[in-house]
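>
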Amino acid sequence: MGLLSFIRNQLIDVVEWLDDTNYTLVWRFPDEDHEVKNAAKLICREGQAAVLVNEGKLADVFGPGTHTLSTQNLPVLSSLRGWKYGFESPFKVEIYFINLRQYLDQKWGTANPVLIRDPEFGAAGKPGRVRLRAYGSYNFRIVDPGLFFREVVGTQGCVTTEDIEGHLKRLLVSSFSQAAAKSELRVMDMAAHHEVLGNAVKEAIAIDFARLGIALTMFVIENISLPPEVEKAIDLAAAQAARGIDNTMAWEGVQALRDAARQPDGNSALTAGMGAGIGMGMGQAMSHVMAGSLGGASNNLEDKLRKLKAMFESGLLTQDEYTQKKQQLLAAF
Amino acid sequence: MSDNAVACSNMSTANPPMPPEELDVFVRGLYYLAKVDGIDPREERLIVEFLRETQAGITFEDLQGSTFDPREAAVVLETSYLRRVFVRAAIALVKADGRFTDAERRAIGEIADAFGMSNAEFGELEQEASRARLE
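If you're matching them up, the sequences are chains A and B in order.
No gaps in the numbering here: position 133 of the first sequence is 133 in the working numbering, and each next residue is one more.
Going from the second sequence to the working numbering is simple: count from 1 and add 1000.
1) Within the chosen definition, does the region 1105-1115 of chain B reach the region 1067-1077 of chain B through at least 3 CB pairs nearer than 8 Å?
2) Taking the alpha carbon of leucine 1134(B) as the reference point, which residue from Glu1021(B), Phe1026(B) and Arg1042(B) has its own alpha carbon closest?
3) Leaving out five residues before and five after glycine 146(A) in sequence, what residues of the same chain have Cβ atoms less than 8 Å from its Cβ?
4) Quick one: is phenylalanine 62(A) near chain B, going by C-beta distance under 7 Å?
5) Against chain A, does phenylalanine 1068(B) count as a neighbour if the rule is that its beta carbon must be under 7 Å from one of theirs?
6) Please classify arginine 1099(B) as buried or exposed, where buried requires at least 16 other C-beta atoms within 10 Å of its C-beta.
7) State yes or no: is the beta carbon of phenylalanine 1122(B) nearer than 7 Å to at least one beta carbon in chain A?
8) Would you tell me roughly how many angstroms separate the C-alpha atoms of aspartate 105(A) and tyrosine 138(A), rounded to the nearest one?
9) Output the boundary residues of the alpha helix (DSSP H) element that contains valine 230(A).
10) Express the C-alpha separation of alanine 1112(B) and aspartate 19(A) in angstroms, rounding to a whole number.
11) Hey, could you find the ends of the alpha helix (DSSP H) glycine 1123(B) is sitting in?
12) CB valine 26(A) to CB valine 159(A), shorter than 7 Å?
13) DSSP puts histidine 67(A) in a beta bridge; with which residues?
14) When the Cα atoms are used, what is the spatial distance from methionine 1117(B) to arginine 45(A)?
15) Say whether chain B places a C-beta atom closer than 7 Å to the C-beta of leucine 52(A).
16) Could you tell me which residues DSSP pairs with glycine 109(A) in its beta bridges?
17) Using 10 angstroms around the beta-carbon of serine 287(A), count the other beta-carbons present and answer buried if the total reaches 16, otherwise exposed.
18) Which residues in chain A have a C-beta closer than 9 Å to the C-beta of glutamate 1135(B)? List them in chain order.
19) Does DSSP put asparagine 9(A) in a helix, a strand or coil?
20) Any C-beta of chain A sitting closer than 7 Å to the C-beta of aspartate 1092(B)?
21) Which same chain residues end up closer than 7 Å to methionine 311(A) when comparing Cβ atoms and leaving out the 5 residues on each side of it in sequence?
22) Taking the C-alpha atoms as reference points, what is the distance between alanine 233(A) and phenylalanine 121(A)?
23) Kindly indicate which three-state DSSP category valine 53(A) falls into: helix, strand or coil?
24) Considering only C-alpha positions, which residue in the set Arg141(A), Arg129(A) and Gly136(A) is nearest to glycine 109(A)?
25) Does phenylalanine 29(A) have its Cβ less than 7 Å from a Cβ in chain B?
26) Glutamine 48(A) bridges to which residues according to DSSP?
27) Can you give me, in chain order, the residues of the region 1048-1061 of chain B that have a beta carbon less than 8 Å from any beta carbon in chain A?
28) Between the region 1077-1093 of chain B and the region 1029-1043 of chain B, are three or more C-beta pairs nearer than 8 Å?
29) Roughly how many angstroms lie between the CA atoms of methionine 190(A) and isoleucine 224(A), to the nearest whole one?
30) Nearest-angstrom Cα distance between proline 227(A) and leucine 132(A)?
31) In the DSSP assignment, what are the bridge partners of phenylalanine 62(A)?
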């Protein structure tokens, strides 16, 4: 080997990236002085792309394959540099590898509750609103390495999923809020329509992600939850419905009556009623409900006994109250 | 080898490996180091071949009256990458006669100092260059 061959061998190099992580999106080739050698081999493995940056400006982008870096396949860089000596001299360039594979099972969630309009929660002529939280997972991949580099990477030597996670989450949550609002689904029905909502988010987010050179390949809503007090109210309404009482005031009256009956003090009924904010009107409503539920002339004995038993089983009546009332009904029969 | 690689290889034989001013520093520097302890015929042959292949436009006889200053080399060879290539080539050349004398090591060391290289880096380059066999 002569001197020239020796020097030429110094100039030839292999530029490649063996990624052993599952979270690195972008990695800068750590060549000292960023000198690319004559006839360097650039190896992009399947699922990788390489971006050449000349003095901070994006030049050429290479997809998977082995590329011999020459003026023939570096059109942008050649133009930018206006190489006086062709490709024979080492040239200063930064090479960034970009991972094109899918990043699976990334988590998203609403950090703060999202306010959704829902007529079902309206009261006193005011529009209904309810706060809900949601979380799930998503997959994404980089589809436009050049655009992703321009929009996200900048001069960072390494970009991981963690670096862009926050931004992607914010986009997803924003898109989820809009999709949930536009979906015209009632909040109560959202649980059964995760897929519909998920698809709506996917469509809405596609443009935002495309602006970053990213594609959302999967978006899953795993859970939608309401504030605890709303969930409690819904459970309460469900319990009322299950017991055949369709009036909330009556339901509360029955509960107050039960509580009063359990007080050992003789004045407990009045105290409990006042404590619960039940005044004369409530007392009347309660009487009405009790009459409607238990003593209405239109109800037959079987219905009355069934409701009585339901109240006993739900703990609204004590054993003595239940037995006493049952005997009264049977005696009147 | 791909078409591009072939094209590039062809281009490599037709053109000099570096700009003329860098090439000039290389040939004068290598000649300067080769004559530190007397030019061996093998060293002379390598330099003559290098001048011919690179079409440097000067002959070995022209070099005999040339001068070389490490500080000048540091100005022309701006990047540390090129400087490392020069030091490796220099070590490989002076070892072509089978010896690496103290005078040669000192002369190359002065150039390495002018290039701002550390002792560790110089040692590393020396090891790398030792693996080369110039003929």
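Ideal placement from N, C-alpha and C gives every residue a C-beta, glycine not left out.
On the basis of the data shown:
1) Yes, they touch.
2) In terms of Cα proximity to leucine 1134(B), the closest of Glu1021(B), Phe1026(B) and Arg1042(B) is Arg1042(B).
3) Closer than 8 Å at Cβ, skipping near neighbours: Val51, Leu58, Val61 and Gly213.
4) It does not: the Cβ of phenylalanine 62(A) has no partner Cβ on chain B nearer than 7 Å.
5) Closer than 7 Å: no.
6) When all chains shown are included, arginine 1099(B) counts as exposed.
7) The C-beta of phenylalanine 1122(B) comes no closer than 7 Å to any C-beta of chain A.
8) For aspartate 105(A) and tyrosine 138(A), the distance between alpha carbons rounds to 6 Å.
9) Element bounds for valine 230(A): 228-242.
10) Roughly 35 Å between the two C-alpha positions.
11) For glycine 1123(B), the enclosing alpha helix (DSSP H) starts and ends at 1119-1130.
12) With contacts defined by Cβ atoms closer than 7 Å, valine 26(A) and valine 159(A) form a contacting pair.
13) According to DSSP, histidine 67(A) bridges with Leu42(A).
14) Across the structure, methionine 1117(B) and arginine 45(A) are spaced so that their CA atoms are roughly 35 Å apart.
15) Contact with chain B is absent for leucine 52(A), since none of that chain's Cβ atoms lies less than 7 Å from the residue's Cβ.
16) Beta-bridge annotation (DSSP): glycine 109(A) is paired with Tyr135(A).
17) With a pLDDT of 49 at serine 287(A), under the threshold of 50, the predicted position of this residue should be treated as unreliable, though the coordinate-derived value follows. So serine 287(A) ends up on the exposed side.
18) Simply Met1 and Gly2.
19) In the displayed model, asparagine 9(A) falls within a helix according to three-state DSSP.
20) Per the sequence shown, residue 1092(B) should be read as alanine rather than aspartate. Yes, its Cβ sits closer than 7 Å to a Cβ of chain A.
21) So the qualifying residues of the chain are Leu317.
22) Alanine 233(A) and phenylalanine 121(A) have their C-alpha atoms some 11 Å from each other.
23) For valine 53(A), the secondary structure class from DSSP, reduced to helix, strand or coil, is strand.
24) Considering only alpha carbons, the answer is Gly136(A).
25) Taking Cβ atoms only, chain B never reaches closer than 7 Å to phenylalanine 29(A), which makes this a no.
26) Beta-bridge pairing links glutamine 48(A) to Asn99(A).
27) Correct list: Glu1049, Phe1050, Glu1053 and Thr1054.
28) With a cut-off of 8 Å, the region 1029-1043 of chain B and the region 1077-1093 of chain B count as touching, because enough Cβ pairs lie within range.
29) Approximately 7 Å, taken between the alpha carbons.
30) As the crow flies, the alpha-carbon of proline 227(A) is around 6 Å from that of leucine 132(A).
31) Residue pairing by DSSP puts phenylalanine 62(A) in a beta bridge opposite Ala50(A).
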